[in-house]
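>
Number of protein chains: 2
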Amino acid sequence: MQSIPTSVDLFNKGLGAIDHALNAGEIAQLDWNLLHEDLSLPTAVLYQDQLQHNLDWMRRFIAAYGMQLAPHGKTTMAPKLFQMQLDAGAWGITLATAQQVKVAYAHGVRRILMANQLVGKQNMAIIAELLADPEFDFYCIVDSARNIEQLADYFSKLGLRLNVLIELGVEGGRSGVRNDGDLDSVLAAIESRQESIALCGVEIYEGVLNDEPSIRTLLHHAVEVTRKLAREGRSLRNPVLLSGAGSAWYDVVAEEFSAAHFEVAVQIILRPGCYLTHDVGAYRQSQSRIAASNPIAQQMNEGLKPALHVWAYVQSLPEAGRAIIGMGKRDAAFDSGFPVPALHFRPGTSAPQPPPEHWIVTKMMDQHAYLEIRPGDDLRVGDMVAFDICHPCLTFDKWRTLPILNGDFKVIDIVQTFF
Amino acid sequence: MQSIPTSVDLFNKGLGAIDHALNAGEIAQLDWNLLHEDLSLPTAVLYQDQLQHNLDWMRRFIAAYGMQLAPHGKTTMAPKLFQMQLDAGAWGITLATAQQVKVAYAHGVRRILMANQLVGKQNMAIIAELLADPEFDFYCIVDSARNIEQLADYFSKLGLRLNVLIELGVEGGRSGVRNDGDLDSVLAAIESRQESIALCGVEIYEGVLNDEPSIRTLLHHAVEVTRKLAREGRSLRNPVLLSGAGSAWYDVVAEEFSAAHFEVAVQIILRPGCYLTHDVGAYRQSQSRIAASNPIAQQMNEGLKPALHVWAYVQSLPEAGRAIIGMGKRDAAFDSGFPVPALHFRPGTSAPQPPPEHWIVTKMMDQHAYLEIRPGDDLRVGDMVAFDICHPCLTFDKWRTLPILNGDFKVIDIVQTFF
Numbered sequence: 000m001q002s003i004p005t006s007v008d009l010f011n012k013g014l015g016a017i018d019h020a021l022n023a024g025e026i027a028q029l030d031w032n033l034l035h036e037d038l039s040l041p042t043a044v045l046y047q048d049q050l051q052h053n054l055d056w057m058r059r060f061i062a063a064y065g066m067q068l069a070p071h072g073k074t075t076m077a078p079k080l081f082q083m084q085l086d087a088g089a090w091g092i093t094l095a096t097a098q099q100v101k102v103a104y105a106h107g108v109r110r111i112l113m114a115n116q117l118v119g120k121q122n123m124a125i126i127a128e129l130l131a132d133p134e135f136d137f138y139c140i141v142d143s144a145r146n147i148e149q150l151a152d153y154f155s156k157l158g159l160r161l162n163v164l165i166e167l168g169v170e171g172g173r174s175g176v177r178n179d180g181d182l183d184s185v186l187a188a189i190e191s192r193q194e195s196i197a198l199c200g201v202e203i204y205e206g207v208l209n210d211e212p213s214i215r216t217l218l219h220h221a222v223e224v225t226r227k228l229a230r231e232g233r234s235l236r237n238p239v240l241l242s243g244a245g246s247a248w249y250d251v252v253a254e255e256f257s258a259a260h261f262e263v264a265v266q267i268i269l270r271p272g273c274y275l276t277h278d279v280g281a282y283r284q285s286q287s288r289i290a291a292s293n294p295i296a297q298q299m300n301e302g303l304k305p306a307l308h309v310w311a312y313v314q315s316l317p318e319a320g321r322a323i324i325g326m327g328k329r330d331a332a333f334d335s336g337f338p339v340p341a342l343h344f345r346p347g348t349s350a351p352q353p354p355p356e357h358w359i360v361t362k363m364m365d366q367h368a369y370l371e372i373r374p375g376d377d378l379r380v381g382d383m384v385a386f387d388i389c390h391p392c393l394t395f396d397k398w399r400t401l402p403i404l405n406g407d408f409k410v411i412d413i414v415q416t417f418f
Numbered sequence: 000m001q002s003i004p005t006s007v008d009l010f011n012k013g014l015g016a017i018d019h020a021l022n023a024g025e026i027a028q029l030d031w032n033l034l035h036e037d038l039s040l041p042t043a044v045l046y047q048d049q050l051q052h053n054l055d056w057m058r059r060f061i062a063a064y065g066m067q068l069a070p071h072g073k074t075t076m077a078p079k080l081f082q083m084q085l086d087a088g089a090w091g092i093t094l095a096t097a098q099q100v101k102v103a104y105a106h107g108v109r110r111i112l113m114a115n116q117l118v119g120k121q122n123m124a125i126i127a128e129l130l131a132d133p134e135f136d137f138y139c140i141v142d143s144a145r146n147i148e149q150l151a152d153y154f155s156k157l158g159l160r161l162n163v164l165i166e167l168g169v170e171g172g173r174s175g176v177r178n179d180g181d182l183d184s185v186l187a188a189i190e191s192r193q194e195s196i197a198l199c200g201v202e203i204y205e206g207v208l209n210d211e212p213s214i215r216t217l218l219h220h221a222v223e224v225t226r227k228l229a230r231e232g233r234s235l236r237n238p239v240l241l242s243g244a245g246s247a248w249y250d251v252v253a254e255e256f257s258a259a260h261f262e263v264a265v266q267i268i269l270r271p272g273c274y275l276t277h278d279v280g281a282y283r284q285s286q287s288r289i290a291a292s293n294p295i296a297q298q299m300n301e302g303l304k305p306a307l308h309v310w311a312y313v314q315s316l317p318e319a320g321r322a323i324i325g326m327g328k329r330d331a332a333f334d335s336g337f338p339v340p341a342l343h344f345r346p347g348t349s350a351p352q353p354p355p356e357h358w359i360v361t362k363m364m365d366q367h368a369y370l371e372i373r374p375g376d377d378l379r380v381g382d383m384v385a386f387d388i389c390h391p392c393l394t395f396d397k398w399r400t401l402p403i404l405n406g407d408f409k410v411i412d413i414v415q416t417f418f
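So the protein lines, in turn, are chains A and B.
Residue numbering for the first sequence follows numbering that gives the first Met the number 0, beginning at 0 and increasing consecutively.
Residue numbering for the second sequence follows numbering that gives the first Met the number 0, beginning at 0 and increasing consecutively.
In structure tokens:
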């Protein structure tokens, strides 16, 4: 496979002036500072201090439970951030598609849990090519005999064996085996194709459920099925893998899985992805619940911190009570809450200030946001506003490059995404 | 400015197998065919025949009114598609941000209407650099004295003069001058800075309104203001520019502006962008209205056709009545209607078939869609489904490369986007 691109071209939004492609290290030498208006807004930026805080927080949380972390990389699709997560002790990286796996592998990730079904000739080909590397430790999930047949047909011809986890699901949910009959059929399909399909454990995604009792029921079921597979000697991997946890309920998954008793060695892998940047939407709500109820979280001084802002200009103040901001659906997630003003900065002044709480985004279009203000607020065309975001996944995928800022708003690095 | 990148790297989703970067022409030689599963799904594809049909349709529509077209390029941000639009007679390309202008210029576009305010030091620097080229014909819009002061301060230092259109808006709308007092203040600001700000005409975006009578009122107002500027000799451009029209009401704009009488030469520029790919959401609804009411549209045999599909695999059939599709909010717009099944294909069969009308997407997550089906429907894991989309703008920006297919689903070209 070709060596990876390391240079940043001059066409990406949110950067400063470059007239030819540069690598991130060269860009860091340019001394760009957000507050000097060196960047073309809108821009999405990451804050180094907050990233480090969040990396450390999750490392300590996972370690306290004696589990391991495979953060969901689909959130950021930024190999530089994957490497930060691995450097902070992550066991591997979780991903959602074959293309995402290809990107991560090409950037050095050698242990990947693809928490999704692998379907289709070209997608199987992508994985098969990577499996030629004996150092590559890869798992995907299965929930149907038909998919297992398709995988076995493809990989057996190449003399390869694919590691799989059985996904358990819930009625009304997403993918995953719903009942004992379907589980038996999946197990039978795996058993009949053991030459090319290696069962390694169990996977669930509790995030399709919204209430704690139902989630705990699903987790108990996952523990039961893991025990059954162990008892029946069906896993070809020792320890057996058991994986769960999105970014909203990882505490409950940690509690349940760590409390479970197994008769064989079981390795528990948690997969939250949004902790790295956090947000002020659904994940802040989750974090409040976790801070209130989880004993490990309570031992830590501070919770997760928002590490991602989208900065944009006020471009029009067309009528009383309304500012038009140069940030739209192309720039920030809008599906689980609009961006929330976090800082207000007037170029030429010394430092950003907290905005009034009554500033609220009320509407977003492709390239614009409507900000509700009050008559008399000190806001001008050309002022800069930083927005906290709700839902990092659907913000990252709108940017090909994100500057990392230090505490002085100086650009110290550039993160590239590969969506 | 550096020469533009012409190669496609190997990390983009939705492509076939390549192990090093290739240019689009080389990829077209690889004989990829969607129906042979040569592409990694999900993939967003364009259909050559439908693109050509839509290009021709809009060319004829605009010509019938004696107007000119500057299609909004922010929809696709694909220079190859800009060139198709220019080749089909477009006067220029409309864009929304300085970075978008930079991308278009670097790919050869030399007449650009930035239908947005230009705000901020680095954004002004991007435009100033391009204005050094005397061949570059550029316009942006203004709606406040403060923005005019900022622009004049910046461009006068460089000895440059910026062409501007005054934007007229409506109470409760987006940007744009709301009343006569504000118009006077904008005109006074321009007059006092004529050395660096050249007034060239009037711009409106009627798409912030939802009803035809209000839109016609705004259009009449734009005509009145254009007459006033002409009468007072305020435009430094001859003919005076008058521009309006998004993708939903361009027929009404064409009717009103073409019927207006001006005492000086006025050049009318319409800016729809979504006609190129069309959709099955809001723009199909608009097109039905246009087909029913517009005499020019009625003279043409067929209306616009959807030219963009997202193809994805069925990855799970976990319970009766539900298919899980490997296409999510990362792959297709979801803000003005979910994607709609358009074709169903089983690999190994001869041709795609129309899907049952009762197949409906009921939910989307980041990487998945829930497809409601009926028990007994002939749908299997590994089947491919093509989806029509609602809102092309928020679909294009999820893809860095889109294959163009011929009528046999063969990849004949690759379109790169620059968001």
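Glycine included, every Cβ here is placed at the ideal spot set by N, Cα and C.
Under the three-state reduction of DSSP, which class applies to D132/A: helix, strand or coil?
Of the three classes helix, strand and coil, the one that applies to D132/A here is coil, per DSSP.
> Do the segment 307-321 of chain B and the segment 380-399 of chain B make contact, defined as three or more Cβ pairs closer than 8 Å?
Yes, the segment 307-321 of chain B is in contact with the segment 380-399 of chain B.
> Which same chain residues, not among the five before or five after H71/A, have their C-beta less than 6 Å away from its C-beta?
Answer for H71/A: T93, R270 and G272, listed in chain order.
> When you check each C-beta in the segment 392-405 of chain B against every C-beta of chain D, which residues fall closer than 9 Å?
The chain labelled as chain D is not found among the protein chains of the depicted structure, namely A and B.
> According to the Cβ coordinates, are D152/A and V185/A closer than 8 Å?
Contact: no.
> According to the Cβ coordinates, are V201/A and L161/A closer than 8 Å?
No, these two residues do not count as a Cβ contact at 8 Å.
> Any idea if A62/B is buried or exposed, counting beta-carbon neighbours within 10 angstroms, 16 or more meaning buried?
Classification of A62/B: exposed, given that the 10 Å Cβ count is below 16.
> What does S483/B reach in chain A if we use C-beta pairs closer than 7 Å?
Examination of residue 483/B is not possible in this model, given that chain B is present from 0 through 418 alone.
> Where does G200/A fall in DSSP's three states?
In the structure shown, G200/A sits in a strand (DSSP, three-state: E or B).
> If we cut at 8 Å on Cβ distances, does Q284/B have a partner in chain A?
For Q284/B, the answer is no, since every Cβ of chain A falls outside 8 Å of its Cβ.
> For the segment 82-107 of chain A, enumerate the residues whose C-beta is nearer than 9 Å to any C-beta of chain B, in chain order.
Correct list: A95, T96, A97, Q98, Q99, K101, V102 and A105.
> Flag Q1/A as yes if its beta-carbon sits less than 8 Å from any beta-carbon of chain B, otherwise no.
Residue placement at Q1/A cannot be trusted, given a pLDDT of 48 that sits under 50; what the coordinates show is reported in the next sentence. Yes, because at least one Cβ of chain B sits closer than 8 Å to the Cβ of Q1/A.
> Is it right to say A296/A is buried, meaning 16 or more other beta carbons lie within 10 angstroms of its own, or is it exposed?
Result: buried.
> Are Q457/B and I268/B closer than 8 Å when you measure CB to CB?
With chain B represented from 0 up to 418, any question about residue 457/B goes unanswered, as that position is not in the structure.
> Tell me, please, which residues DSSP counts as bridged to I268/B.
Answer is Q67/B and S242/B, bridged to I268/B.
> Using 8 Å as the limit for Cβ to Cβ distance, is E318/A near chain B?
It does: the Cβ of E318/A has a partner Cβ on chain B nearer than 8 Å.
> Residues in its own chain within less than 8 Å of P238/B by CB, not counting five upstream and five downstream?
Cβ neighbours of P238/B beyond the five flanking positions: V263, A264, V265 and Q266.
> Look at the alpha carbon of M364/B and the alpha carbon of S155/B, and state the distance between them as a whole number of angstroms.
Cα-Cα distance, rounded: 50 Å.
> Please list the terminal residues of the continuous beta strand (DSSP E) segment that includes S315/A.
Start and end: L307 to E318.
> Round the Cβ separation of M123/A and L150/A to the nearest angstrom and send it over; I've been treating them as touching at under 8 Å.
Right, the Cβ-Cβ distance comes to about 7 Å (below 8 Å), so this counts as a contact.
> Taking the alpha-carbon positions, what's the V7/B to A20/A distance?
Those two C-alpha atoms are separated by around 16 Å.
> Tell me the DSSP secondary structure of E36/A in three-state form.
Note: E36/A maps to coil in three-state DSSP.
> When the Cα atoms are used, what is the spatial distance from P355/A to S246/A?
Each residue's Cα considered, the two are about 30 Å apart.
> Looking at the unbroken alpha helix (DSSP H) that takes in L378/A, where does it start and where does it end?
First-last for L378/A: undefined, no H or E at that position.
> Within the segment 137-219 of chain A, note down every full beta strand (DSSP E) run reaching 3 residues or more, in order along the chain.
The segment 137-219 of chain A contains these whole beta strand (DSSP E) runs: 161-167 and 196-203.
> Using a Cβ-Cβ distance under 8 Å, would A124/A count as near chain B?
At least one chain B Cβ lies under 8 Å of A124/A.
> Does the Cβ-Cβ distance between E255/A and R177/B come in under 8 Å?
Not in contact: E255/A and R177/B (Cβ atoms no closer than 8 Å).
> With distance defined between alpha-carbon atoms, name the residue in D334/A, H308/A and Q366/A nearest to I323/A.
The shortest Cα separation from I323/A among D334/A, H308/A and Q366/A belongs to Q366/A.
> Do three or more CB pairs link the segment 163-176 of chain B to the segment 189-203 of chain B at distances below 8 Å?
Short answer: they touch.
> What does the Cβ neighbour count give for K328/B, buried or exposed, with the cut at 16 atoms within 10 Å?
Counting Cβ neighbours within 10 Å, K328/B comes out buried, since at least 16 surround it.
> Quick one: what does DSSP say L14/A is sitting in, helix, strand or coil?
L14/A falls in the coil class under three-state DSSP.
> For S257/B, which of T42/B, E36/B and Y64/B has the nearest alpha-carbon?
If we check each option's Cα against that of S257/B, Y64/B comes out closest.
> Could you give the first and the last residue of the continuous beta strand (DSSP E) run that contains L370/B?
Counting along the chain, the beta strand (DSSP E) containing L370/B begins and ends at A368 to E371.
> On the DSSP letters alone, give me the boundaries of the alpha helix (DSSP H) that D86/B sits inside.
P78 to D86 is the extent of the alpha helix (DSSP H) around D86/B.
> My output table needs one value for V222/B: the three-state DSSP class, helix, strand or coil.
DSSP places V222/B in helix when its eight states are reduced to three.
> Can you give the Cα-Cα distance for L14/B and G119/A, rounded to whole angstroms?
Whole-angstrom Cα-Cα distance: 13 Å.
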